[in-house]
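For the sequence shown, the tail end lands on 544 under this note's numbering, and the numbers increase by one without skipping.
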Amino acid sequence: MSFVEVFVFPLSTSLTILLGTVVFLLVFHLFSSSVSSQEKMKEPPGPKALPLLGNLLQMDLKRPYITLCELSKKYGSVFTVYLGPNKVVVLAGYKTVKQALVNHAEEFGDRHISPIFYDITHGHGILFANGESWKEMRRFALTNLRDFGMGKRSAEVKITEECHHLIQEFTNHDGKAFDTTQPLNYATSNIISSIVYGSRFEYTDPQFKRMVDQVNETIRLSGSPSVQLYNMFPWLGHWIKNRKQIMKNTDCNLTDVRDLVGHLKETLNPQVRRGLVDSFLIREQKDEDSDVVDSHYHENNRIFTILNLFAAGTDTTAATLKWGLLLMAKYPQVQDQVQEELSRVIGSRQVQVEDRKNLPYTDAVIHETQRLANIAPMSLPHITSRDVTFQGYFIKKGTAVFPLLTSVLYDESEWESPYTFNPGHFLNEHGQFMPKEAFMPFSAVSQTRRGGGIAQMRFANWVWPGGFSKFGTPFSVAQILRRPSYRRRGGEKAWSGFDTADSHVANQMSPCPCL
30 MSFVEVFVFP
40 LSTSLTILLG
50 TVVFLLVFHL
60 FSSSVSSQEK
70 MKEPPGPKAL
80 PLLGNLLQMD
90 LKRPYITLCE
100 LSKKYGSVFT
110 VYLGPNKVVV
120 LAGYKTVKQA
130 LVNHAEEFGD
140 RHISPIFYDI
150 THGHGILFAN
160 GESWKEMRRF
170 ALTNLRDFGM
180 GKRSAEVKIT
190 EECHHLIQEF
200 TNHDGKAFDT
210 TQPLNYATSN
220 IISSIVYGSR
230 FEYTDPQFKR
240 MVDQVNETIR
250 LSGSPSVQLY
260 NMFPWLGHWI
270 KNRKQIMKNT
280 DCNLTDVRDL
290 VGHLKETLNP
300 QVRRGLVDSF
310 LIREQKDEDS
320 DVVDSHYHEN
330 NRIFTILNLF
340 AAGTDTTAAT
350 LKWGLLLMAK
360 YPQVQDQVQE
370 ELSRVIGSRQ
380 VQVEDRKNLP
390 YTDAVIHETQ
400 RLANIAPMSL
410 PHITSRDVTF
420 QGYFIKKGTA
430 VFPLLTSVLY
440 DESEWESPYT
450 FNPGHFLNEH
460 GQFMPKEAFM
470 PFSAVSQTRR
480 GGGIAQMRFA
490 NWVWPGGFSK
500 FGTPFSVAQI
510 LRRPSYRRRG
520 GEKAWSGFDT
530 ADSHVANQMS
540 PCPCL
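What follows is the structure in structure tokens.
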């Protein structure tokens with residue numbers, strides 16, 4: 030046996046064993062570190078997900094928030110679900126939602142833009158945008174909403190005028206039952222129109238009716254099960270009928286907005302601004318004249334900012350008013366007490382915003398209406414802007430987050446009787462109005478983020494998705510409830526099977542003479 034055979038081959042074998050041992054130890058170390066790291070960065074728990082489908086088969090796509098509320102009872106206030114292949118972290122309960130959206134506003138403050146809303150806006154406007162463009166459009170909108178009346182006497186006059194038109198529309202039915210949906214939609218849209226365009230429309234105006242009806246249909250279809258499936262599986266888009274209708278409505282809305290803006294542009298006077306559109310056109314022209322590079326003041330942001338204001342304002346405000354009428358018809362003793370307080374405090378004069386402090390019961394009824402109505406059960410989805418450890422769980426940057434507002438408004442630890450219409454939730458033992466921190470009908474976003482300073486305006490204490498104050502909703506409710514009493518067609522039998530969780534219940538109301 031040669032020297033080489035005696036020494037070299039054994040050396041090679043020993044080296045192989047040594048290298049193998051080193052590799053094994055390295056892999057073991059990396060695996061141990063990975064396991065240790067995963068233990069330290071534990072992700073939120075949740076139900077077992079199927080490949081591709083995720084937890085889809087467990088979800089009620091008509092009312093997904095009901096399913097999520099049930100899951101929160103098993104998995105806690107921070108848990109994970111998979112909507113198709115898409116991971117979503119759900120936040121449940123007042124304390125958890127507030128901690129995330131207020132105390133961790135930077136991490137949870139960005140907007141998650143689902144495929145259907147990206148198809149509509151392509152990231153322009155306010156509601157479905159992020160980054161510098163969103164910041165600038167939000168600042169512009171807040172400034173101009175203030176300039177054109179928000180929180181001022183001028184807006185109060187506009188709302189009073191529109192309430193008169195709405196009440197006249199109601200009285201035209203001579204006490205017969207009618208569907209309140211369209212009149213309420215037109216009234217709330219007109220208040221926004223007066224601020225955005227500088228004028229209102231007649232309820233019979235065909236262009237106005239088409240715009241409002243299409244915006245509301247788009248909102249309704251956006252929450253349909255088929256469009257939710259599209260958001261999970263965008264490749265299904267070609268076969269989703271509701272998506273096609275949404276895009277058709279959007280095209281029509283864009284044409285109508287361009288037409289209205291075009292008329293305003295022809296008569297634009299930089300010295301006399303009629304509304305928000307004039308302000309945008311003036312700033313747009315200024316940036317063009319100054320050769321501003323990458324200006325955010327362009328046609329796409331202009332159009333979608335207008336549409337965002339109409340969509341958010343019309344749908345949520347009209348829905349709130351509709352629920353107010355519905356609950357007054359359901360609880361006539363509450364309606365009588367509201368009208369007694371209004372008559373005693375206001376008398377025969379017009380209701381004014383400043384009267385609110387002297388109308389504690391009416392104020393409590395309005396807040397309780399919003400709480401029970403649950404208009405935005407899941408708010409608009411958020412997305413994490415960076416990696417965050419929240420309540421001991423690791424949530425990766427770019428994860429969709431659903432603040433489950435239903436669980437806040439019906440939180441049994443915050444409300445005495447969460448599933449009952451009880452104005453006492455907002456009254457203290459002396460009958461004075463008492464604000465509640467768990468009152469989050471639309472969001473709990475920090476003042477420094479989407480909520481902004483406008484949430485503090487005295488004119489209205491409720492917040493749109495995206496952070497804009499409700500256009501005088503409490504004021505409008507008080508104006509409407511002063512006149513006729515409201516009853517539901519069919520009397521007591523009409524309330525059989527009444528379910529406050531169904532947002533489409535009982536649109537038909539009958540105004541009756543006051544007793």
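For glycine and all other residues, C-beta sits at the position ideal for the given N, C-alpha and C.
By a beta-carbon distance limit of 8 Å, phenylalanine 339 contacts isoleucine 221. Their separation comes to about 6 Å. Three or more beta-carbon pairs drawn from the region 115 to 133 and the region 414 to 434 are found closer than 8 Å, and the two stretches are therefore classed as touching. Within the DSSP bridge table, the entry for glycine 83 names Leu79 and Leu112 as partners. Asparagine 173 is a Cβ neighbour of leucine 305, given a cutoff of 8 Å. Secondary structure remark: continuous alpha helix (DSSP H) runs of at least 4 residues inside the region 148 to 233, in chain order: 160 to 176, 182 to 200 and 210 to 225.
In the three-state reduction of the DSSP assignment, tyrosine 439 falls in the coil class. The region 190 to 200 and the region 303 to 322 do not touch, with fewer than three beta-carbon pairs separated by less than 8 Å.
By the C-beta density criterion, proline 299 is exposed, having fewer than 16 other C-beta atoms within 10 angstroms. Glutamine 243 is positioned such that its CB atom lies no closer than 8 Å to that of asparagine 201. Per the C-alpha coordinates, the member of Gln197, Ile335 and Trp444 positioned closest to threonine 279 is Ile335. If you look at alanine 429, you'll find it in the beta strand (DSSP E) that goes 429 to 433. The region 389 to 404 makes contact with the region 445 to 464, as at least three CB pairs between them are under 8 Å.
The C-alpha of proline 406 lies about 18 Å from the C-alpha of phenylalanine 157. Using a C-beta cut-off of 8 Å, the region 411 to 428 makes contact with the region 120 to 138, since at least three inter-stretch Cβ pairs fall below that distance. In this model, leucine 81 and asparagine 271 are separated by some 23 Å (Cα to Cα). For phenylalanine 423, the enclosing beta strand (DSSP E) stretches over residues 422 to 424. Counted as a single uninterrupted DSSP element, the beta strand (DSSP E) harbouring threonine 418 occupies residues 417 to 419. The region 139 to 151 makes contact with the region 246 to 261; the number of CB pairs closer than 8 Å reaches 3 or more. Comparing alpha carbon positions, the residue from Pro235, Leu79, Asn329 and Asn245 closest to methionine 166 is Asn329.
Scanning its chain for C-beta atoms nearer than 6 Å, with the 5 sequence neighbours on each side dropped, one finds around glutamate 185 the residues Val382, in chain order. Cβ atoms of phenylalanine 333 and histidine 153 come within 8 Å of each other, at about 4 Å. Annotated as distal: leucine 456 and proline 361, with beta-carbon spacing of 8 Å or more. Taking a C-beta distance under 8 Å as the contact criterion, valine 394 and valine 374 do not qualify as a contact pair.
Residue pairing by DSSP places aspartate 139 opposite Ile412 in a beta bridge.
If you draw a 10 Å sphere on the C-beta of histidine 325, you find 16 or more other C-beta atoms in it, and that means buried. Shown here for valine 107: same chain residues with a beta carbon closer than 7 Å to its own, the five before and five after excluded, namely Pro73, Val118, Leu120, Thr125, Phe419, Gln420 and Tyr422 in chain order. Residue state for leucine 388 is assigned as coil, using DSSP reduced to three classes. Annotated three-state conformation of alanine 134 is helix, per DSSP. Rounded to the nearest angstrom, the gap between the Cα atoms of glutamate 370 and glycine 376 is 9 Å.
The C-beta distance from lysine 187 to serine 218 rounds to 12 Å, too long to fall under 8 Å, and the pair is not in contact. For glutamate 445, there is no enclosing alpha helix (DSSP H), as DSSP gives it neither H nor E. Take isoleucine 269, set aside five residues on each side of it, and the residues of its chain with a beta-carbon closer than 6 Å to its own are Ser255 and Tyr259, in chain order. Classified as buried, tyrosine 226 has 16 or more neighbouring CB atoms from the shown chains inside 10 Å of its CB. At least 8 Å separates the beta-carbon of asparagine 387 from that of isoleucine 155.
Per DSSP, valine 321 has no beta bridge partner at all. A Cβ-Cβ separation of about 17 Å leaves leucine 250 out of contact with glutamine 211 under the 8 Å criterion.
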